[in-house]
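Mind the numbering: the sequence shown is residues 26 to 233 in my numbering, read in order. These notes concern the structure reproduced below.
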Amino acid sequence: MGLFDRRAGKGAPFEWLVVGLGNPGPKYARSRHNVGQECVDLLAERHDAPLKAGRDEALIGEARFPSESAADPTRVALAFPITFMNESGRSVAKMVRRFRIEAPEQIIVVQDELDLEPGVVRLKAGGGLAGHNGLRSIAQHLKTQDFLRVRIGVGKPPSKERGAGHVLSQIPRRQRDELDVAIAVAADAVELIVGEGIDAAMRDIHGR
Numbered sequence: 026m027g028l029f030d031r032r033a034g035k036g037a038p039f040e041w042l043v044v045g046l047g048n049p050g051p052k053y054a055r056s057r058h059n060v061g062q063e064c065v066d067l068l069a070e071r072h073d074a075p076l077k078a079g080r081d082e083a084l085i086g087e088a089r090f091p092s093e094s095a096a097d098p099t100r101v102a103l104a105f106p107i108t109f110m111n112e113s114g115r116s117v118a119k120m121v122r123r124f125r126i127e128a129p130e131q132i133i134v135v136q137d138e139l140d141l142e143p144g145v146v147r148l149k150a151g152g153g154l155a156g157h158n159g160l161r162s163i164a165q166h167l168k169t170q171d172f173l174r175v176r177i178g179v180g181k182p183p184s185k186e187r188g189a190g191h192v193l194s195q196i197p198r199r200q201r202d203e204l205d206v207a208i209a210v211a212a213d214a215v216e217l218i219v220g221e222g223i224d225a226a227m228r229d230i231h232g233r
């Protein structure tokens with residue numbers, strides 16, 4: 026039985042798994058590396074799906090997104106691993122089984138992106154990992170890179186030597202305001218992907 030097999034879990038399957046990447050603990054809260062986690066927090070608030078500790082090394086909320094094309098709302102698992110970033114894949118693989126996710130294209134990973142200017146949001150379906158440790162861990166555990174990504178730009182550090190410090194440090198006030206707007210746009214992007222598909226979501230978000 027493969028990882029992406031609806032027979033692997035129990036109960037009704039979920040149509041989507043949304044994973045926000047970050048590091049656990051107050052030390053890393055509101056850092057650049059945790060913008061994915063903040064996006065999932067916002068989605069949980071929007072959809073009245075409080076995040077609770079689960080058995081899959083993650084905080085998880087079970088949401089219902091309204092659907093224009095179906096009579097019933099869409100079941101969406103909102104989660105962020107409570108492992109450190111470079112071990113995220115272990116938690117994601119457990120959730121794929123439990124929520125009976127059928128294909129990697131039903132997984133949306135919300136992440137920080139050094140290669141985008143602060144505040145820019147871009148979507149991506151599969152492809153390279155751009156050296157992101159969280160994405161690398163997920164790809165290793167799922168044995169595929171075909172999951173969807175919502176990328177929130179945090180900008181490059183002043184030098185390569187300061188890369189880790191850049192993403193883990195607290196954010197200046199001006200850039201914090203930009204990222205708060207971007208996190209809201211990223212949450213919009215997740216809702217568009219679930220409701221209308223990745224292509225329609227790209228057209229909307231990339232046109233803003």
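Here a beta-carbon is modelled for each residue, glycine too, at the ideal position from N, C-alpha and C.
- Uninterrupted beta strand (DSSP E) stretches at least 3 residues long and entirely within the stretch 80-158 occur at 83-90, 99-106, 132-138 and 146-150, given in chain order.
- Across the structure, LEU148 and GLY114 are spaced so that their CA atoms are roughly 20 Å apart.
- In this chain, LEU173 is not harboured by any alpha helix (DSSP H); it is covered by the beta strand (DSSP E) spanning 173-178.
- ALA214 sits in a helix when the DSSP states are folded into three classes.
- For LEU173 against VAL134, the beta-carbon gap comes to about 7 Å, under 8 Å, which counts as contact.
- In this structure, ILE196 sits near ARG57, with a CB-CB distance shorter than 8 Å.
- Residue burial is scored here from C-beta neighbours: ASN59 has at least 16 other C-beta atoms within 10 angstroms and is therefore classed as buried.
- Under the three-state reduction of DSSP, GLY61 is assigned to helix.
- Taking all protein chains shown into account, GLU63 has 16 or more neighbouring C-beta atoms within 10 Å of its C-beta and is therefore buried.
- In the three-state DSSP reduction, GLN170 falls in the coil class, being neither helix nor strand.
- The continuous alpha helix (DSSP H) containing ARG228 extends over residues 223-231.
- Looking at the backbone, the Cα of ILE218 and that of SER162 are separated by about 23 Å.
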